[in-house]
Structures are given as structure tokens and as C-alpha cells.
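In order, the protein sequences belong to chains A and B.
All residue numbers for the first sequence refer to my numbering, where the first residue is 18 and numbers rise by one.
All residue numbers for the second sequence refer to my numbering, where the first residue is 18 and numbers rise by one.
Just so you know, even glycine gets a beta-carbon here, dropped at the ideal spot from N, CA and C.
Note that the structure is predicted; figures quoted are calculated from it, not measured.
Number of protein chains: 2
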Amino acid sequence: MNESIKLHEENRGKLTVKSRVRIQNKEDLSLAYTPGVADVCKEIKKNKDRVYDLTNKWNYVAIVSDGSAVLGLGNIGPEAGLPVMEGKAVLFKEFGNVDAFPLCINNQDPEEIINFVEMIEPTFGGINLEDICAPKCFYIEKTLKEKLNIPVFHDDQHGAAIIILAALKNALKFTNKNLDDLKVVSIGIGAAGGATIKMLQAAGIKNIVAVDKNGIINKNDPKTLLNDFHKEISESTNPENLSGGLGEALVNADVFIGTSVGGLLTKDMVKKMNKDPIIFAAANPVPEIYPEDAKKAGAKIVATGRSDFPNQINNVLVFPGLFRGALDVRASDINDEMKLAAVDALARMVPESELTVDKIIPAPFDRDVGYNIAFEVAKAAVRSGVARLPLTDEEISQKIKKSFEIL
Amino acid sequence: MNESIKLHEENRGKLTVKSRVRIQNKEDLSLAYTPGVADVCKEIKKNKDRVYDLTNKWNYVAIVSDGSAVLGLGNIGPEAGLPVMEGKAVLFKEFGNVDAFPLCINNQDPEEIINFVEMIEPTFGGINLEDICAPKCFYIEKTLKEKLNIPVFHDDQHGAAIIILAALKNALKFTNKNLDDLKVVSIGIGAAGGATIKMLQAAGIKNIVAVDKNGIINKNDPKTLLNDFHKEISESTNPENLSGGLGEALVNADVFIGTSVGGLLTKDMVKKMNKDPIIFAAANPVPEIYPEDAKKAGAKIVATGRSDFPNQINNVLVFPGLFRGALDVRASDINDEMKLAAVDALARMVPESELTVDKIIPAPFDRDVGYNIAFEVAKAAVRSGVARLPLTDEEISQKIKKSFEIL
Numbered sequence: 018m019n020e021s022i023k024l025h026e027e028n029r030g031k032l033t034v035k036s037r038v039r040i041q042n043k044e045d046l047s048l049a050y051t052p053g054v055a056d057v058c059k060e061i062k063k064n065k066d067r068v069y070d071l072t073n074k075w076n077y078v079a080i081v082s083d084g085s086a087v088l089g090l091g092n093i094g095p096e097a098g099l100p101v102m103e104g105k106a107v108l109f110k111e112f113g114n115v116d117a118f119p120l121c122i123n124n125q126d127p128e129e130i131i132n133f134v135e136m137i138e139p140t141f142g143g144i145n146l147e148d149i150c151a152p153k154c155f156y157i158e159k160t161l162k163e164k165l166n167i168p169v170f171h172d173d174q175h176g177a178a179i180i181i182l183a184a185l186k187n188a189l190k191f192t193n194k195n196l197d198d199l200k201v202v203s204i205g206i207g208a209a210g211g212a213t214i215k216m217l218q219a220a221g222i223k224n225i226v227a228v229d230k231n232g233i234i235n236k237n238d239p240k241t242l243l244n245d246f247h248k249e250i251s252e253s254t255n256p257e258n259l260s261g262g263l264g265e266a267l268v269n270a271d272v273f274i275g276t277s278v279g280g281l282l283t284k285d286m287v288k289k290m291n292k293d294p295i296i297f298a299a300a301n302p303v304p305e306i307y308p309e310d311a312k313k314a315g316a317k318i319v320a321t322g323r324s325d326f327p328n329q330i331n332n333v334l335v336f337p338g339l340f341r342g343a344l345d346v347r348a349s350d351i352n353d354e355m356k357l358a359a360v361d362a363l364a365r366m367v368p369e370s371e372l373t374v375d376k377i378i379p380a381p382f383d384r385d386v387g388y389n390i391a392f393e394v395a396k397a398a399v400r401s402g403v404a405r406l407p408l409t410d411e412e413i414s415q416k417i418k419k420s421f422e423i424l
Numbered sequence: 018m019n020e021s022i023k024l025h026e027e028n029r030g031k032l033t034v035k036s037r038v039r040i041q042n043k044e045d046l047s048l049a050y051t052p053g054v055a056d057v058c059k060e061i062k063k064n065k066d067r068v069y070d071l072t073n074k075w076n077y078v079a080i081v082s083d084g085s086a087v088l089g090l091g092n093i094g095p096e097a098g099l100p101v102m103e104g105k106a107v108l109f110k111e112f113g114n115v116d117a118f119p120l121c122i123n124n125q126d127p128e129e130i131i132n133f134v135e136m137i138e139p140t141f142g143g144i145n146l147e148d149i150c151a152p153k154c155f156y157i158e159k160t161l162k163e164k165l166n167i168p169v170f171h172d173d174q175h176g177a178a179i180i181i182l183a184a185l186k187n188a189l190k191f192t193n194k195n196l197d198d199l200k201v202v203s204i205g206i207g208a209a210g211g212a213t214i215k216m217l218q219a220a221g222i223k224n225i226v227a228v229d230k231n232g233i234i235n236k237n238d239p240k241t242l243l244n245d246f247h248k249e250i251s252e253s254t255n256p257e258n259l260s261g262g263l264g265e266a267l268v269n270a271d272v273f274i275g276t277s278v279g280g281l282l283t284k285d286m287v288k289k290m291n292k293d294p295i296i297f298a299a300a301n302p303v304p305e306i307y308p309e310d311a312k313k314a315g316a317k318i319v320a321t322g323r324s325d326f327p328n329q330i331n332n333v334l335v336f337p338g339l340f341r342g343a344l345d346v347r348a349s350d351i352n353d354e355m356k357l358a359a360v361d362a363l364a365r366m367v368p369e370s371e372l373t374v375d376k377i378i379p380a381p382f383d384r385d386v387g388y389n390i391a392f393e394v395a396k397a398a399v400r401s402g403v404a405r406l407p408l409t410d411e412e413i414s415q416k417i418k419k420s421f422e423i424l
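This is how it looks when you write it as C-alpha cells:
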């Protein structure tokens, strides 16, 4: 039997819910539950913010998925998506000490998903949307960010975008190029690709060419504009008015970003790119091009989504620390300032002395990644005015350390 | 500071989510999460039932509340209700090794609550409705039981009803009375009172007088029929066509069941009851009458909801074992047969040799209560045809023991 199935079958799942208080006698029971708990309820009734002190809300994150775009497997539904969400919860705990709980729901209507997440807001300190297909994921996240007073974050979008920008910043140190002058080609304009384009633009990159199923997205060519999101980005991308496919897009490009389908990028295409091309081939499990082939064709730096090659673009580097930081200052949002703080924290986690073409991003098991991202994200939340606890840097540091220690 | 508030504040809540798999290196990560987990997803996509083997669904219970009737505190809302739901989850774990997660929602519309619970069905093995006010709780539970293929159980209703019937069966051993001949007066026709009446009727009791805010519920007196549920039970209760208040109802009654408000029952009223009256005064925290006063007025047996008096009517005796049993045979419902099996299991948990007027029900810390209820409930599920795993008694016993052992 397949090893992963065996692991899941032997364990009967990966998650458990535990008590953090002892219940060994009548008195324990009367304090943790009735009648004592009534006073706790009344205290929160008087002042709703006390729910953060007296329950686990401060540390609860819901992982909400409708199973419409799970990994590279497509619309496999909520039950089949559950092992991924449990895995995500395991990683939240392991790398951020965040108590995340999977909620796979059997309704794929955007308005129903929005309504659902609104309903659970009282219980959770944050919402992680997961594996919800594009383009509806953009609308769902945007609407929820406006409606809710707790952070909402679609990891498939921004987790990938944050790592890719961090990796790109470090990769540029091996070339004589600046962010402003780059020509970037991004293929696969789903959740990850779409958010990456926006984040690269926020970082100052002007020349981005977006490629999706019908070729280069071109505002003058309606057949390339498959949905509202394509229309939106067509206004700010493709400044040279290119048309055609990936091959045409890549001529004189500096950076390839693939969040699409395995095997799409050929050696010949890489050869048409500018000197020292940077290749981020993040399709999983088969990358758009294998590192060996990319290197043979002249690539200076290659990253993939896989753990068995160098430079793994793995969201686990980001979401645990990002939520840790947002939760610990009770941020009402995860905004661009916080995401860019995560980018810089992540890029700096590879010290200059260790930086090589095969190590532009830290590995998932560099244990202080979680703390460092949390610290920078929390500071950015305070700076940008979305932290309900406007702590000092020192207070933030202590708070995060304490949160990592809690059982 | 109040001790319970202190406990909650120092712990920052009572619950945590934990991993049951180790994540210590790249290989662990690739088996529990991507890329390995993709095979697990595909396996469930092929055969949806495999979700019970490969995720924690087999052991997940959602504790769903809108905060509309929390303890005796009324409609205090979802945030203020959260400490109770966390407490409930703690008890699920402690006494049934069930992984329960609180979901306090900020919408009190019955249709929205029903829709919400339908949406989370893929993730959970069972649904525990909690602290949802009457009479809407009856409609919500009934509708969900019809719609869902996993067990739905409103503990405020049936938890109380199961313990009260078990306690009554044991109490009768101290009198010369049979269930069929009893006159029972029930005051407080909310969730617990309403379900108790139905359970007593299912057990064969014919003469029940229901009393609520406008006195004895009488089908000929519209002002006593405050809602549809009152109308429904008015057809099967009050065979002597009584009118008036609690005092009138109690003349020649054998049993008083209070799930109402503290202090309502006076010594004079008890004196008007038949010989050897049985008093279950379950209002919390102040019972309808204190045991000492009831005894002085001639009560043979008194039970309350409090842990500091004998015979505590405490739902924790029931729900952990009941769900354990239902989950372990993958029951699609918690039906009357299963509830009555729980009644008998609970009544038998006090052996004849230990049975006294001050011990008619086991104490919450009699540790084998959970196992015994689970075993009888699971067998009843198989007998009544709602078990998707139609196991033998021996298999059930082994399965439950194993479930109690899992971390």
C-alpha cells in the first residue's frame, strides 16, 4: 500500500482536540464547566473583547475549504479535501502553535461560502481560506475582508506570492538586475498566479506578462480574457502589447513564474530568455520544467514546489508565522504591509553567508522562521493601524514567545 | 477574582488542537502533507466512505450553538456562550475520547442554523446542538435529523431526558409504584422539559401534567398554549383536564420534574403529593426546592442539577458515551432505541448493592459510565438498523475500547 495512505489509515487521521485543563474531580468540573463557567459567560457578555482572554478564540483559526481546487487535483469535493486541511492544521500547530481546525463544506456557491464564514466569526481569531478555485476565490476573500473584523487570508493566493517575492529578492543578488527593470512572465493565472502578479506589482515590478489557457492575456484580445480577474489584470500587465503563447511571452524575459501545469516550459523557451534567467517552476507534483533541464538551458536559479530539489516554494514557510503574528496583536486584517513584512522577514532568514543559488529561501525545518515572520508581521500590523493590541516591539516579542510555549 | 474566571484567564481558554503525526523532517512532511497526501485525497474521491478511515471524521463532533439559551443565562450570544462550548468539548474528550470542536455562530435564524449544519456535514461524524432556545430547537433538530446522514443530537433536550428517566427507574425501587401508574408533573417546558415528557411517554407513563409560564398546559385553554410545541404536547398530556398552577397540578402527584426556575416548589406543595414523592429539582444553580426542605416535607428521593448535593442530574453522564457508541458503529442517527439503551445502561451503573435514596444515579467520575453507555448505544444502533458498521457485540466492545485508547 502507498505509504501516505498507510500513515493516514494507521493513525485514522492526523488531528485531535485536547483539553488544556484538568478534570479530575467535582471541583475541577464545577470550575471548567457548570456552575462556575456561568461567571465567565457573564464576564464576556458584559465586555465582548474578554472572549480573547477567557477562551481559545485568540488562537483559533478556521481552515475553510469547499474542495473546489484541492492541490493540483481540481474539484474533488469537501470529503476528499479533508486530508489536506488536516495536514494544514498539523502544520499550523507544528510551526506556529496555532490551533487550526478544518472545516470542509459541501456548498460551492460564493455567497453561501461568504455567509458561512460570517457565521463562524465569533468562534475564531482568524480565517484561512484554502483550496477554493479561481476566480471566485478573489471575490470571496475580498468580500470577507470587508465584512469581518478578524483576519481573512487565502493561503493559496498570498502564501505562494509571499514566498515567490522573497525568493526573487534573494535570487536577484546573483544577477545584475533590479526589481524595477525586470520582465517577468507568469503562467497559470489562478489563485497563486493572480496574487503573485499583484504582489510583484506592489513591490515595483512594471513589466509583467500574464499567460493563461488562451495564451498571453491581452486587453485588446477578448478571447484571452476568460473572466473578470483576467480583465482586471489585463489593464496593468503586458505593457508591450504582446500576443501569442508562452514561447512568445518569454523572449527577453528575466523571470519565469509557473503556477500552472507540469512540463509546460521547454529548454528552447528558456534559451530565448535574457541572460541569467530565474525560473520558479512551482507546479506540483511535476514542475513546469525539471531543475536539471532548466540549468542545462542556462537558468541561473531554479526553484520548485518540491522538497526533493533545492529552493522549495512551500507555503508552510509563511502561514504559521503570519497568523501567529496577526493573532498575537489581535489584528483585524492581514493587509499588504503585513504581507510585505513577511516577504522581507523570509528573505532575510537566509543570511548572506549562506546564500547560494541553491539556497535562496529557508527550508521548512529552519525552526525560527515562524517566530521571525510572526514578529515582523505583528510589528507591521501595529504600524499600519490594524492591531487591536498596539504593543511595543519588546511586548510583541515576549507575547509571541509565550504563544509558542503554550501547550 | 472569581475562581472560574481566574482558571480561564490563566489558561487563556481550555482547548487546543493537536497533531497525532510527527513532523520532524522532509519525509514526514511529504507523507502527512504534499505531495503524499494527494494519494489519500484520490482514495477518498474514489470512495467517499474512506474519509472515515483516512481522516479524523470518525471522531469529530461539532458543538453548534447560537448562544440563544446558554445555561440559565438566556440569550447571551455566541461569544459569551463559547466558554460553555469549550467546556463541553473538554468533557467530550475526558469522558468519551471524542474530538469535539465548538462552533458558536452569530445567526439565530432557524433556517440559517439548519443550512449551516448541513454545510459542515462532510467534516464531522456527528453534530451536538447546544444551548439553542425552545421551541425553535425542536424544529431545528427534527429537520436536521431528516436531512443529514450523521447523528444529530440536541443535548439540552435528550441528555437531561435520558438521565431523568434512568434516575426515575432507580427511584421507583424505593417505592411500591410502577411507571404505568405514576402521575408526573413537569414544570418548565423548554428543551429539557419538553424532551423529558416525550421520553417518559415512550417509557409508558400515561399521566403527565405539563406546567409552563401560564400554568397547566390544557388543550381547552388557549392562553396556556404559548407555542406549537405546547399545542403538540397538550394532546397527549393532562388526561384529567386540570387547570391552574403548579399547586393544583401537584395534588396526588407521584413525581415532580423541574427544569424551570429556582425556588418554585414550596414545602406545602410537596405535602399535597402522594406518599413517597420523588422530586427532581433540576433548575441551575438554584433548584426548584433545596433537598433539605423537600425531605422535611416528606420527599422520599430528591435529585438536583448540583454537584454539592446527592443524585446530580448531570448531562456529562450521557453525551460522551452516547456519541462514542454512535460514532464507533458509524450510526446515521441517534434514535429512540439508542436513547433508551442509554437510559438502561445508566440505571444499571448503580448496582443493587450500592443503590440508596442518595445514590440513584452514578457520579460523573465513575469512569466506566462512558464505556458502558457507548457499548449499549452501539448495540442498539446495530439492532435498530442505523449502524453503517453492523458489528457483533464482541467487535463493538473491542472497537470502543480501542477508541478510548487513541491519543
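Each residue's CA atom was taken as its position, placing Val226 of chain A and Leu185 of chain A some 16 Å apart. The beta carbons of Pro127 of chain A and Phe246 of chain A sit no closer together than 7 Å.
Cβ-Cβ distances below 6 Å link Met216 of chain B to Ala178, Leu182 in the same chain, with the five nearest sequence neighbours on each side left out; the list follows chain order. Proximity of chain B to Ser21 of chain A at the Cβ level (cut-off 7 Å) is accounted for by Leu48, Gly53, Val54, Asp56, Val57, in chain order.
When the beta-carbon positions are compared, Leu32 of chain A and Glu147 of chain A stay at least 7 Å from each other.
Against chain A, a Cβ distance below 8 Å from Lys35 of chain B picks out Leu32, Thr33, Val34, Lys35, Lys110. Residue environment for Asp375 of chain B: exposed (fewer than 16 other C-beta atoms within 10 angstroms of its C-beta). Those residues of the region 132 to 159 of chain B placed with their C-beta closer than 7 Å to a C-beta in chain A are Phe133, Met136, Ile137, Glu138, Pro139, Thr140, ordered along the chain. By alpha-carbon distance to Gly262 of chain B, the top candidate from B:Thr283, B:His25, B:Val228 is B:Val228.
For Tyr388 of chain B, the enclosing alpha helix (DSSP H) starts and ends at 385 to 400.
At least one C-beta of chain A is nearer than 7 Å to the C-beta of Asn123 of chain B. If you draw a 10 Å sphere on the C-beta of Asn258 of chain A, you find fewer than 16 other C-beta atoms in it, and that means exposed. Note on the region 73 to 152 of chain A: whole alpha helix (DSSP H) runs with a minimum of 4 residues are 94 to 113, 127 to 137, in chain order.
Rounded to whole angstroms, the gap between the alpha carbons of Ile157 of chain A and Phe133 of chain A is 11 Å.
In the DSSP assignment, Thr33 of chain A falls outside any alpha helix (DSSP H) and lies within the beta strand (DSSP E) extending over 32 to 36. Taking 7 Å as the threshold, the shortest C-beta distance from Pro302 of chain A to chain B falls below it. For the pair of segments examined, the region 316 to 324 of chain B was found not to touch the region 354 to 371 of chain B: the number of CB pairs separated by less than 8 Å stays below three.
At a Cβ-Cβ threshold of 7 Å, Ala300 of chain A and Gly275 of chain A count as neighbours. Taking every protein chain shown into account, the CB of Asn331 of chain B has 16 or more other CB atoms within 10 angstroms, so this residue is buried.
7 Å or more divides the Cβ of Ala358 of chain B from the Cβ of Ala404 of chain B. DSSP, read as helix, strand or coil, puts Thr283 of chain A in coil.
Look at Gly207 of chain A here: in three-state DSSP terms it is coil, with no helix or strand label.
With respect to Gly338 of chain B, Ala380 of chain B sits apart: the two C-beta atoms are not nearer than 7 Å. DSSP places Ile233 of chain A in the strand class (E or B) of the three-state scheme. In the same chain as Arg39 of chain B, and ignoring 5 residues on each side of it, the C-beta atoms closer than 6 Å to its own belong to Asp45, in chain order.
Contact annotation: Val335 of chain A and Ile180 of chain A have beta-carbon atoms nearer than 7 Å. Judged by beta-carbon spacing, Ile233 of chain B lies beyond the 7 Å limit of Ala270 of chain B, meaning their Cβ atoms are not closer than that value.
Under the three-state reduction of DSSP output, Ala270 of chain B falls in the coil class, being neither helix nor strand. Rounded to whole angstroms, the Cβ separation of Ser324 of chain B and Ser47 of chain A is 6 Å, and the two are in contact under 8 Å.
Around the beta-carbon of Pro95 of chain B, 16 or more other beta-carbon atoms lie within 10 Å, marking it buried.
A direct Cα-Cα distance of roughly 27 Å separates Lys63 of chain A from His171 of chain B. Residue environment: Thr72 of chain A is assigned as buried (16 or more neighbouring CB atoms within 10 Å of its CB, all protein chains considered). Neighbours of Thr321 of chain A across chain B, judged by C-beta separation under 9 Å, do not exist; the nearest C-beta is about 11 Å away. Lys288 of chain B and Val278 of chain B have their C-alpha atoms spaced approximately 20 Å apart.
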